Amino acid sequence: MVLEREIYPYLQWLLWGTGGSNFGALPRFFAVCAGFAVLAILLGYVVSLLRAERRGGFFTGLLQAGDRVFKTLKSGIAELAATSPRRVWALAKLAMKEAWRRRILIALVVYVVLLLFAAWFLSVEHPDPARLYLSFVLSATTGLVLLIALLISAFSLPGDFKSKTIYTVVTKPVRAGEIILGRILGFTVVGTFLLVAMGLCNYVFVTRSLGHVHQVEADSIERQTSTEGEDEGRTGRTTNTAGHRHRIEVDSDNQGIALTENGHYHPLDIDSEGRITVRPAVGFLRARQPDYGKLRFVDRTGVEKARGISVGSEWTYRSFIDGNTLATAIWTFSNISAATFEESRNDQGEASGEVLPIALKVRVFKTHKGTIGQPISGTIQFRNPETTAVSDPEPFYAKDSQIDEMFPSRAQVTPEGEPIDLLDDLTTEDGRLEILVKCAERGQYFGFAQADLYISKPDGSTLMNFIKVHLSIWIQMVIVITVGVVISTLVSGPVAMMFTASFIILGIFREKFLEIATDQAYGGGPAEALVRMGTQANVVSQLDQTWGVMIVQFIDTFISRPLMWGVGQILPDFQYLDSSNYAAEGYNLPWDRIFQDLTICGGYVVAFSVLGYFLLRTREVAR
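11 is the number of the first residue of the sequence shown in the numbering used here; add one for each residue after it.
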């Protein structure tokens, strides 16, 4: 699967940073909060100064404004520290009742109807039906849940202000911060109920839609014999169901399987009389657990590089090696031990040696057609990083953009034909092993990213993976509810809805937003982009350095980009928080990633709740 960001251990991500950064998420959170707190205090001081100056003069206003800001902060900290969980829960129950009165369950009915219509249009004849179905249900769930969160959070407080029902709350011994937390908690409980119901519908819909059973075509069964006339079993095929067939292989001991097709296979039941019954499909839903290595390249001249060559693709996630040259993609794996290997078994179920389970995904780029009807060939070999001892290259045919699961034997041979052990001879004492992949055909290219080759661990629980992916949807929902409730303390319902919707959209495109803010995107900043649109200049050409252009670039450098960078620091990366691709592509969502996302969610709830408290205090009704 595409993994543009490496997932680091939780504590490393939280405290010490990732990649080239030595600034963890927690220090960064405190730094951003401190920066915005200083700006908020300065803004509050200026507003208080303008009000005080009109009453008592400039110098008197300086002291009065400072005193007012200090008292506001002091009382705010005291009230936040005295927040009562009982009062928060009582207000949360009121928010839940309000949501039920708005007939929020209609959203669940709409979703069920959506699934019923989807069953007509989603085809199980797709080459990868599990990915198709999971992508649809998870995307639909995310969109509908975020829409519900947006609507119930943005219109709640403004509606109470308009109908004056907020007075029945603020006249009770409750604090402004408890009102904010109560709304967030109440709407989160309602959204959680809807999300759980949708998740159950999703699981039933996907498993029922993908489930199918084949029959055996009796006319296709052929008995296989050896050259000595010994019985070697039977072969055949299944009937055409869901747009595909399976080849059947049965050994002489009546053990067989319907081979993998469209990402799944079928076990076989064979009775004492030899009758074959095809059992339900297995393998549609998976939770692969990859162990990734570090990737580097060797170019066609034998020089090591951090990346391969470019074939002109705008997406630079993968880089390429050219065929029939010294160009090589090299992965270095750590912590290889005897436990990494699996026991291989033959058709009779007998142990036949240990294998190293690996999976490879190749992106093939062709400069000519090659041999018609034959995939592009390559080689894979193993090397000791210290002794440089290598195994004999093993040929393979590239499955373009598909996962190719391989099981190379632990018993390897050298290029000279001498036996060599993959663990004892090709792995270092500290558990490091290099895997080298080459393209064998001239004029053809193999493209790789770091996540395209990995060592396979035993699959995790598909049900637990399904739950974790829905938990990532829940995290996005809580963030949207928090932002919607906080903004609705200051503006009307429609404005709060538009602001929160813009917050979501900018969060989806946060990376592009920050690329512009940090001057990494073509075309300059917002003001320069406006000039280019007016003059129809492309984004890569240099503008003439006139006075007007220099003023525009000055505005971008010292006003637009700093503002965009500041906004970008508080935007959640919704595109990264969306982990539906893990379940759709059959990979286990790591717990480190879940803990990171939960921490991000908690940070938004804490920071925005404090902001919401002070915003609500500015309204006369909450004083």
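Glycine included, each C-beta is placed from N, C-alpha and C at the ideal position. It should be emphasised that the depicted structure is a prediction, and the values quoted were computed from it without experimental measurement.
Considering only their Cβ atoms, is the gap separating residue j from residue i smaller than 8 Å?
{"i": "Thr93", "j": "Arg185", "result": "yes"}
{"i": "Asp402", "j": "Gly273", "result": "no"}
{"i": "Asn548", "j": "Gln299", "result": "no"}
{"i": "Ala339", "j": "Val447", "result": "yes"}
{"i": "Tyr10", "j": "Ala75", "result": "Outside the displayed range of the chain (11 to 633) lies residue 10, so it cannot be described from this structure."}
{"i": "Leu625", "j": "Val495", "result": "no"}
{"i": "Leu1", "j": "Leu587", "result": "Limits of the chain in this structure are 11 at one end and 633 at the other, which puts residue 1 out of reach."}
{"i": "Val292", "j": "Leu278", "result": "no"}
{"i": "Ile518", "j": "Phe584", "result": "yes"}
{"i": "Gly333", "j": "Gly453", "result": "yes"}
{"i": "Cys449", "j": "Ile390", "result": "no"}
{"i": "Ala117", "j": "Leu195", "result": "no"}
{"i": "Arg15", "j": "Glu595", "result": "no"}
{"i": "Ala343", "j": "Leu433", "result": "As written in the sequence, residue 343 is Phe, which differs from the Ala given in the question. For Phe343 and Leu433, no; Cβs fall outside 8 Å."}
{"i": "Thr245", "j": "Glu227", "result": "no"}
{"i": "Gly578", "j": "Phe509", "result": "no"}
{"i": "Asn591", "j": "Met208", "result": "no"}
{"i": "Phe375", "j": "Gly457", "result": "yes"}
{"i": "Leu167", "j": "Ser498", "result": "yes"}
{"i": "Ile491", "j": "Phe197", "result": "yes"}
Please report the distance separating the alpha-carbon of residue i from that of residue j.
{"i": "Trp26", "j": "Ile17", "result": "14 Å"}
{"i": "Leu540", "j": "Pro572", "result": "18 Å"}
{"i": "Thr175", "j": "Ser502", "result": "15 Å"}
{"i": "Ser173", "j": "Met487", "result": "27 Å"}
{"i": "Val505", "j": "Arg97", "result": "29 Å"}
{"i": "Leu36", "j": "Val620", "result": "17 Å"}
{"i": "Leu160", "j": "Gly253", "result": "41 Å"}
{"i": "Ser230", "j": "Gly243", "result": "14 Å"}
{"i": "Thr311", "j": "Ile331", "result": "11 Å"}
{"i": "Arg633", "j": "Arg627", "result": "Confidence is the limiting factor: at Arg633 the pLDDT is only 48, short of 50, which leaves the residue's position unreliable and the question unanswerable from this model."}
{"i": "Phe618", "j": "Tyr121", "result": "30 Å"}
{"i": "Val216", "j": "Leu210", "result": "10 Å"}
{"i": "Gln265", "j": "Val223", "result": "19 Å"}
{"i": "Gly34", "j": "Asn345", "result": "25 Å"}
{"i": "Ala62", "j": "Gly86", "result": "21 Å"}
{"i": "Glu444", "j": "Glu314", "result": "14 Å"}
{"i": "Ile565", "j": "Glu538", "result": "9 Å"}
{"i": "Val400", "j": "Gln384", "result": "28 Å"}
{"i": "Gln552", "j": "Val559", "result": "11 Å"}
{"i": "Phe171", "j": "Cys611", "result": "28 Å"}
{"i": "Thr28", "j": "Val180", "result": "45 Å"}
{"i": "Glu188", "j": "Met106", "result": "15 Å"}
{"i": "Ile477", "j": "Val119", "result": "21 Å"}
{"i": "Val493", "j": "Thr178", "result": "24 Å"}
{"i": "Gly4", "j": "Asn212", "result": "No answer is possible for residue 4: it lies beyond the span of the chain, which begins at 11 and ends at 633."}
{"i": "Trp23", "j": "Asp554", "result": "44 Å"}
{"i": "Met543", "j": "Val79", "result": "45 Å"}
{"i": "Tyr614", "j": "Ile489", "result": "7 Å"}
Across which residues does DSSP place residue i in a beta bridge pair?
{"i": "Ala639", "result": "Any property of residue 639 remains undetermined from this structure, which presents the chain solely from 11 to 633."}
{"i": "Ile340", "result": "Arg306 and Leu446"}
{"i": "Gly388", "result": "Phe406 and Cys449"}
{"i": "His274", "result": "Glu271"}
{"i": "Arg393", "result": "Val400 and Glu444"}
{"i": "Thr287", "result": "Asp279"}
{"i": "Leu370", "result": "Asp414 and Leu463"}
{"i": "Ala421", "result": "Asp431"}
{"i": "Lys376", "result": "Gln454"}
{"i": "Arg298", "result": "Tyr597"}
Following a CB-centred definition, is residue i positioned closer than 7 Å to any heavy atom of the ligand GDP?
{"i": "Val495", "result": "Among the components of this structure there are no ligands whatsoever, and the ligand GDP is therefore not found."}
Could one say the Cβ of residue i lies closer than 8 Å to chain D's Cβ atoms, at least one of them?
{"i": "Thr377", "result": "The chain inventory of the structure shown lacks chain D, comprising one protein chain alone."}
Whole runs of the alpha helix (DSSP H) within the stretch 123–179, excluding any shorter than 4 residues: Qualifying alpha helix (DSSP H) stretches, in chain order: 139–164 and 166–173.
Cβ contact (3+ pairs, closer than 8 Å) linking the stretch 430–444 and the stretch 389–404: Because the criterion of three Cβ pairs below 8 Å is met, the stretch 430–444 and the stretch 389–404 touch.
Inter-stretch contact at 8 Å, needing at least 3 Cβ pairs: the stretch 369–377 / the stretch 405–414: Touching, yes.
The stretch 378–389 touching the stretch 415–432, judged by at least three CB pairs closer than 8 Å: The stretch 378–389 makes no contact with the stretch 415–432, as fewer than three CB pairs between them are under 8 Å.
Given 8 Å, three or more beta-carbon pairs between the stretch 255–273 and the stretch 148–156: Flag = no, the stretch 255–273 and the stretch 148–156 do not touch.
Every unbroken alpha helix (DSSP H) inside the stretch 184–259 [4 residues or more]: Every alpha helix (DSSP H) stretch that sits fully inside the stretch 184–259 and reaches 4 residues is listed by chain position as 186–220.
The stretch 451–470 / the stretch 122–138 touching (three or more Cβ pairs under 8 Å): Under the Cβ criterion (8 Å, minimum of three pairs), the stretch 451–470 does not count as touching the stretch 122–138.
Inter-stretch contact at 8 Å, needing at least 3 Cβ pairs: the stretch 303–310 / the stretch 275–290: Touching, no.
Unbroken stretches of the alpha helix (DSSP H), 4 residues or longer, contained in the stretch 15–64: None, since the stretch 15–64 contains no complete alpha helix (DSSP H) of that length.
The stretch 522–537 in contact with the stretch 188–207 per 3-pair CB rule at 8 Å: No, the stretch 522–537 does not touch the stretch 188–207.
3 or more residues per run - each beta strand (DSSP E) lying fully within the stretch 463–544: If one requires a minimum length of 3 residues, the beta strand (DSSP E) runs lying completely within the stretch 463–544 are 463–467, in chain order.
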